[in-house]
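One structure below.
There are 2 protein chains.
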Amino acid sequence: MPREIFQRFLIEKRLKLTKERIEVLNEVFSAHDHFGPEQLYLRLRNAGSKASRASVYRTLNLLVESGLVEKITRTDKGSVYEHTYGHTHHDHMVCSICNRIVEFYSEYLEQLQDEICKKHKFSGVSHSLEIKGYCETCRKQ
Amino acid sequence: MPREIFQRFLIEKRLKLTKERIEVLNEVFSAHDHFGPEQLYLRLRNAGSKASRASVYRTLNLLVESGLVEKITRTDKGSVYEHTYGHTHHDHMVCSICNRIVEFYSEYLEQLQDEICKKHKFSGVSHSLEIKGYCETCRKQ
DNA sequence: AGACTAGTTGATATTAAATCTCAATTTCAG
DNA sequence: CTGAAATTGAGATTTAATATCAACTAGTCT
Ligand SMILES: [Mn+2]
Ligand SMILES: [Mn+2]
Ligand SMILES: [Zn+2]
Ligand SMILES: [Zn+2]
């Protein structure tokens, strides 16, 4: 299904569905996690793909543009992505010790943000909320 | 006042209060806005300071460590800072067209986040919420 | 199917934010 | 004042990400 959406997106933009793009797409959707470009590149290599780093970066940008993938955050060690197709919107808590990521969602929080936008006459399109702190297991140490 | 806090911080860490650090501190607190390292460097030059980029970067890190300044966000064109001493906590809306920044605060939003953390047994320390969209003036075009 | 054309690829170069190196200089405790 | 320890600036280095471009494909048209 992501494959069809991506294909439609590419046709729309008069771009081509290449072997490399398919491989990147498949790898991105082979697991639900949070990954960086280099990490993705190594996984692809491991899976037998010969796609280059350049193609991984280029395809990631296309996947973000198509709406199938989101760039979650930028750290000092590069960007973090996740595929969002097949998953409902959520935000993240990040443990400062073990880097574990806790996903959460609150309908109430979303509504509250809408209200705040209205109050400031701002037309909100997207948001990213990242809570930093300590996860349960790390706090017990 | 930020000066005294910074001084205490430096003594604590057995670091020295140099001309360059004072100049950076003063420039950072001379206006309340959101700035990048290069921007800050150019303002300093303009104000007659001879502090180098290296010192600007180094001092910014110290100011963040001391709690006087926060790194708000990282864009593809570098980090954005603001001084927080003398200002209450707030989050940001960013206009995708004119890059205007709208600051906002909601006690309710903060409480809600605390509750969500509790529900996920996460010990929240800090958070950053950035809402992207269109500001009032840009929407009218 | 074959051929044409516009888009893609990978190797490599380049860019740019941020950090590192280190000799010369400055701070500040004693 | 003095000296040890920290800091500075210039330039080198690191590294994520993008740009370049000749060789190569994908997909369309006949
Ligand atoms: Mn997620
Ligand atoms: Mn602000
Ligand atoms: Zn943890
Ligand atoms: Zn605007």
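Protein sequence lines correspond, in order, to chains A and B. Per our numbering, residue 1 is the first one in the first sequence, and the count goes up by one each step. Per our numbering, residue 142 is the first one in the second sequence, and the count goes up by one each step. Glycine included, each C-beta is placed from N, C-alpha and C at the ideal position.
Check each candidate in the options and name the one with the smallest Cα separation from residue i.
{"i": "A:G48", "options": "A:V69, A:L62, A:V24, A:A54", "result": "A:V24"}
{"i": "B:R241", "options": "B:F147, B:R280, B:E251", "result": "B:R280"}
{"i": "A:T18", "options": "A:P2, A:H87, A:S55", "result": "A:S55"}
{"i": "B:Q282", "options": "A:Q141, A:L129, A:S123, A:I131", "result": "A:S123"}
{"i": "B:I146", "options": "B:C258, B:G208, B:T214", "result": "B:G208"}
{"i": "B:E289", "options": "B:C239, B:K260, B:L250", "result": "As shown, chain B starts at 142 and ends at 282. That puts residue 289 of chain B outside it, with no answer to give."}
{"i": "B:K218", "options": "B:P178, B:I257, B:A192, B:R194", "result": "B:P178"}
{"i": "A:K71", "options": "A:H34, A:H120, A:R8", "result": "A:H34"}
{"i": "A:H90", "options": "A:V102, A:S79, A:S96", "result": "A:V102"}
{"i": "A:V94", "options": "B:C236, B:K191, B:L253, B:C258", "result": "B:C258"}
{"i": "A:K132", "options": "B:Q148, B:E168, B:V266", "result": "B:V266"}
{"i": "A:H83", "options": "A:S106, A:L63, A:Q7", "result": "A:L63"}
{"i": "A:N26", "options": "A:L15, A:M1, A:K16", "result": "A:M1"}
Report yes if the C-beta of residue i is less than 8 Å from at least one heavy atom of ligand 3; otherwise report no.
{"i": "B:T229", "result": "no"}
{"i": "A:H98", "result": "Per the sequence presented here, residue 98 of chain A reads as Cys, with His not at that position. True, at least one ligand heavy atom lies under 8 Å from that Cβ."}
Does the beta carbon of residue i fall short of 8 Å from some heavy atom of ligand 4?
{"i": "B:C279", "result": "yes"}
{"i": "B:I272", "result": "no"}
{"i": "A:C135", "result": "no"}
{"i": "A:C95", "result": "no"}
Does the distance between the C-beta of residue i and the nearest non-hydrogen atom of ligand 2 fall short of 8 Å?
{"i": "B:E179", "result": "no"}
{"i": "A:H127", "result": "no"}
{"i": "A:I116", "result": "no"}
{"i": "B:E223", "result": "yes"}
{"i": "B:I213", "result": "yes"}
Whole angstroms is fine: what's the gap from residue i's alpha carbon to residue j's?
{"i": "B:L183", "j": "A:H127", "result": "31 Å"}
{"i": "A:Y85", "j": "A:R21", "result": "17 Å"}
{"i": "B:E206", "j": "B:R186", "result": "24 Å"}
{"i": "A:N61", "j": "A:Y81", "result": "10 Å"}
{"i": "B:L250", "j": "A:K121", "result": "18 Å"}
{"i": "B:L181", "j": "B:Q254", "result": "33 Å"}
{"i": "A:S96", "j": "A:I11", "result": "42 Å"}
{"i": "B:L270", "j": "A:H92", "result": "11 Å"}
{"i": "A:R142", "j": "A:S52", "result": "Because residue 142 of chain A is not part of the residues shown, which for chain A are 1 to 141, the question remains open."}
{"i": "B:Y246", "j": "A:Q111", "result": "15 Å"}
{"i": "A:L15", "j": "A:R3", "result": "14 Å"}
{"i": "B:V210", "j": "A:T88", "result": "35 Å"}
{"i": "A:S30", "j": "A:Q7", "result": "18 Å"}
{"i": "B:K191", "j": "B:V169", "result": "15 Å"}
{"i": "A:T73", "j": "A:Y134", "result": "18 Å"}
{"i": "B:F150", "j": "B:H173", "result": "22 Å"}
{"i": "A:E115", "j": "B:E256", "result": "19 Å"}
{"i": "B:E248", "j": "A:K13", "result": "44 Å"}
{"i": "B:S220", "j": "A:K119", "result": "28 Å"}
Is any heavy atom of ligand 1 found at a distance shorter than 8 Å from the C-beta of residue i?
{"i": "B:H261", "result": "no"}
{"i": "A:E182", "result": "With chain A running from 1 to 141 in the structure shown, residue 182 of chain A is simply not present."}
{"i": "B:I146", "result": "no"}
{"i": "B:H173", "result": "no"}
{"i": "A:H92", "result": "yes"}
Review point. What are the complete beta strand (DSSP E) segments, minimum 3 residues, inside the segment 195-234 of chain B?
Key: 210-216, 219-224
Review point. Residue ranges of each beta strand (DSSP E) run of no fewer than 3 residues wholly in the segment 103-129 of chain A, ordered along the chain?
Key: none
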